[in-house]
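Below you'll find the structure, written out as structure tokens, and then a few comments.
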Amino acid sequence: MQHFAVRLKVILRSKANLFWTFLYPLLLGLFFQMGFGNLNSRPSLNSVYVFLASDKSDAHLLETMEIAEYSDGKKVFLVNSEYTSTELETKLQEEKITGYIYFENEEIIYRLRQNGLPETIIKTFLDEYLQTVSIHLEIQTLDPGIKEQVFADFLKNKTYLEEISTGTNPNHNAFVIYFYALIAMSCMFGSFWGVDLVNDIQADNSYKAVRMAIAPTSKMKLIIIYFLASLTVHFSGNLVLIAFLKLVLQVEFANNLLLIILTTFIGCIGGIALGALLSSYSKASYGKKNLMMVGVSLLLSALSGLMFISVKYWVETNLPFLSYINPAGLVTDSFYRLYYFSDLKHYFIDLCLLLTLSILMLFGSIIKMRGVKYDSV
């Protein structure tokens, strides 16, 4: 526990890594929300003001417009029938109103000054009203023996389409995949901690690693302690990111929070293992390794749909094998399965692939670090 606590203190002093794993994903998530977070939301329609001439009106039309409602219970029209047609015409010419409705020679006339969304709603309603009235009048001319049945069928408003469940989320948000790719990118930024792990253990990387190489503690024990300390900090940062996206930015997630956390946890393991693997086999300097991790992490995240969703679909169509070896893509796909589909079969397939890939990368880096031998001086 003492080695673990000391390692945590060392990790928390790395301001650059803390920025990339804690602050940068939060800022990027905020910019995502500002840019397109509400593009998929459905704005509610407001009630439309309607003026009906009091001296040239129709009681049935007035009643129909007053009771018309949207699906959320809000009134479609706010009807005003206090003014005569002459008064309304004066207001129209003075541009105090945009239009009004009156009856003349058994016809509905809608006088307009301008055309917009409210006027379109009124015009559409009047067209449907006239069509319904026309059908009703035709029914009245039918034989009394069948008129009652036809009228009953007309009032039923029968639906001839059957809705078939496909097992997908019917209210899905197409833009939410960008936030899933953001979490995947944050998991891949664990590669910076992987670089630090190798840099502090493998003796040909730093003077600190040289001192650790001659310490009595076994290298395997140090690798495990350093890895667990890195995983603790990195996973904590991703939990903060998920909480920020869900509670502050109100990003839609799947209902199963435990599976979301599990996916993120395995993704964090994969990110650290990726950095440790590439760093252990690279002879570049510490700074160049970190630059390499930035490039690799962003490339894998881009292929998982971070920049453009179409890139992810292109990869799956033209280079499907990359979908199985890209840890960022597997994290994104796992979230995708949880959000869009009720069947968890494909989710667990992606999760197992991610776990297998993470373990292989981790063991690959351990074998490399433990297998390095140094000459005595």
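Each residue of the sequence shown is one higher than the one before, counting from -1 in this note's numbering.
No residue lacks a Cβ here, since even glycine has one placed at the ideal position from N, Cα and C.
It should be emphasised that the depicted structure is a prediction, and the values quoted were computed from it without experimental measurement.
Using a 10 Å radius around the Cβ and a threshold of 16 neighbouring Cβ atoms, would you call residue i buried or exposed?
i, result
"Y176", "buried"
"T262", "buried"
"R11", "exposed"
"P325", "buried"
"I270", "buried"
"I365", "exposed"
"F17", "exposed"
"D53", "exposed"
"S189", "buried"
"V48", "buried"
"A182", "buried"
"P318", "exposed"
"V375", "For V375, the predicted structure reports a pLDDT of 44, less than 50, and the residue's modelled location is therefore unreliable. A value from the coordinates is still provided. Flag for V375 reads exposed."
"S356", "buried"
"L86", "buried"
"I65", "exposed"
"V246", "exposed"
Helix, strand or coil for residue i? Go by DSSP, reduced to three states.
i, result
"Y338", "helix"
"N44", "coil"
"L110", "strand"
"K73", "strand"
"Y284", "helix"
"Y224", "helix"
"E105", "strand"
"Y100", "strand"
"E117", "helix"
"T376", "Not covered by the structure: residue 376. The range shown for the chain is -1 to 375."
"L304", "coil"
"R11", "coil"
"M218", "helix"
"P168", "A caution first: P168 carries a pLDDT of 49, below 50, which makes its placement in the model too unreliable to give a value."
"V249", "coil"
"M(-1)", "coil"
"Y127", "helix"
"Y68", "coil"
Cα separation between residue i and residue j?
i, j, result
"S283", "S340", "47 Å"
"D194", "D70", "55 Å"
"V329", "N15", "21 Å"
"L239", "H1", "28 Å"
"E102", "F29", "56 Å"
"V294", "K287", "10 Å"
"L21", "M305", "19 Å"
"N236", "S79", "59 Å"
"D348", "L115", "46 Å"
"L76", "K121", "15 Å"
"Q91", "L110", "10 Å"
"F173", "V249", "10 Å"
"S299", "D198", "27 Å"
"I9", "V231", "8 Å"
"L272", "G33", "31 Å"
"N113", "I119", "10 Å"
"F225", "F242", "26 Å"
"K244", "L360", "31 Å"
"T82", "L25", "58 Å"
"L124", "K73", "16 Å"
Go through its chain and collect everything with a Cβ distance to residue i's Cβ below 6 Å, but skip five positions before and after it.
i, result
"L6", "A227"
"S363", "A274, L275, S278"
"Y178", "T330, F333"
"K94", "none"
"G265", "C185, V329"
What are the boundary residues of the alpha helix (DSSP H) that includes residue i?
i, result
"I199", "189 to 199"
"E64", "57 to 65"
"E314", "307 to 316"
"F177", "174 to 186"
"A51", "Careful: A51 lies outside any alpha helix (DSSP H) and carries neither H nor E."
"S278", "255 to 279"
"S321", "320 to 323"
"M32", "22 to 34"
"I95", "It is not in any alpha helix (DSSP H) - I95 carries neither H nor E in the DSSP assignment."
Hey, quick one: how far does the beta strand (DSSP E) through residue i stretch, first residue to last?
i, result
"E80", "Looking at the DSSP string, E80 is not in any beta strand (DSSP E), and its letter there is neither H nor E."
Does residue i have its Cβ less than 8 Å from a Cβ in chain E?
i, result
"S12", "No chain E appears in this structure, which consists of one protein chain only."
Going along the chain, which residues of its own chain have a beta-carbon closer than 7 Å to the beta-carbon of residue i, five neighbours each way excluded?
i, result
"L336", "A252, N254, L257, I258, Y345"
"T88", "none"
"L128", "I106"
Within its chain, find whatever has a CB closer than 8 Å to the CB of residue i; leave out the 5 residues flanking it on each side and keep chain order.
i, result
"L301", "V309, K310, V313, L320, N324, A326, G327"
"M290", "L276, S280, A282"
"G165", "Low per-residue confidence applies at G165: pLDDT is 49, beneath 50, and the placement is therefore not dependable enough to give any value."
Is residue i near the ligand COA - that is, is its Cβ less than 7 Å away from at least one heavy atom of it?
i, result
"S55", "Among the components of this structure there are no ligands whatsoever, and the ligand COA is therefore not found."
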